[in-house]
Each structure stands twice: as C-alpha cells, then as structure tokens.
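Colleague:
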Amino acid sequence: PGHTPGSVCYYMDGHLITGDTLFINACGRCDLPGGDQQQMQQSLHRLGHLPPEIVVHPGHHYGSQASSTIGEQLKNNPFM
Numbered sequence: 212p213g214h215t216p217g218s219v220c221y222y223m224d225g226h227l228i229t230g231d232t233l234f235i236n237a238c239g240r241c242d243l244p245g246g247d248q249q250q251m252q253q254s255l256h257r258l259g260h261l262p263p264e265i266v267v268h269p270g271h272h273y274g275s276q277a278s279s280t281i282g283e284q285l286k287n288n289p290f291m
C-alpha cells in the first residue's frame, strides 16, 4: 500500500516485482487519489528489511537500468 490502497509486490525465487511501489532510485507517487504517504513509507521500510541480494523488478523504469537489488536500493534510493 501507499501508491494505491491495493498496491502489492510479488516475490518468487529471489525476484521481487514491485509494481508502482519501488522504482530504481525512486518510488511511486502518493499524491494521487487513494495514495497514502505514511503507508508508502511503511511499505518501503518493509522492503528495506528483505535480503540485499533480492532482485527488484519495478513496474516502470525511467532510466537505463531495468532492475536492481534491495541492497543497491538501500544504498542509492533516497526513499529507502
């Protein structure tokens, strides 16, 4: 939750599909109808406690990098 009330992430075999919750070095918007900044912060905090080697696959990518890891995001993502 955070981007929308029904936002979810899916984990399987070391890969995490984060949809609009976690992007590469960014996160989803919370200023749209249904968004909740506090819930987004809680979601990102929970993701930050996952093992650092988990590969992150966001729902969108706005740069040259299509995936990352939790560890890389903890180092480089100001929202984590």
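Those letters in the sequence shown? Residues 212 to 291, per the numbering used here, in order. Backbone N, C-alpha and C define an ideal beta-carbon position, used for all residues, glycine too. If you're wondering where the values come from, they're calculated on a predicted model, not measured in any experiment.
1. Exposed or buried, which one is residue 243 when buried takes at least 16 other CB atoms within 10 Å?
2. Would you kindly work out how many angstroms separate the C-alpha atoms of residue 255 and residue 275, rounded to a whole number?
3. Just grab the DSSP bridge partners of residue 237 for me.
4. Using 8 angstroms for Cβ pairs, my map puts residue 270 next to residue 231. What's the rounded Cβ distance?
5. Classify residue 271 as helix, strand or coil using the three-state DSSP reduction.
6. Output needed for residue 237: all residues of its chain with C-beta closer than 8 angstroms, excluding positions within five of it in sequence on either side, in chain order.
Modeller: Per the coordinate set shown:
1. So residue 243 counts as exposed.
2. Each residue's alpha carbon lies about 22 angstroms from the other.
3. Per the DSSP secondary-structure output, residue 237 pairs in a beta bridge with 234.
4. The pair is a contact, with the Cβ atoms about 5 angstroms apart (cut-off 8 angstroms).
5. Of the three classes helix, strand and coil, the one that applies to residue 271 here is coil, per DSSP.
6. Counting only Cβ-Cβ distances below 8 angstroms, and skipping sequence neighbours, we find 273, 288 and 290.
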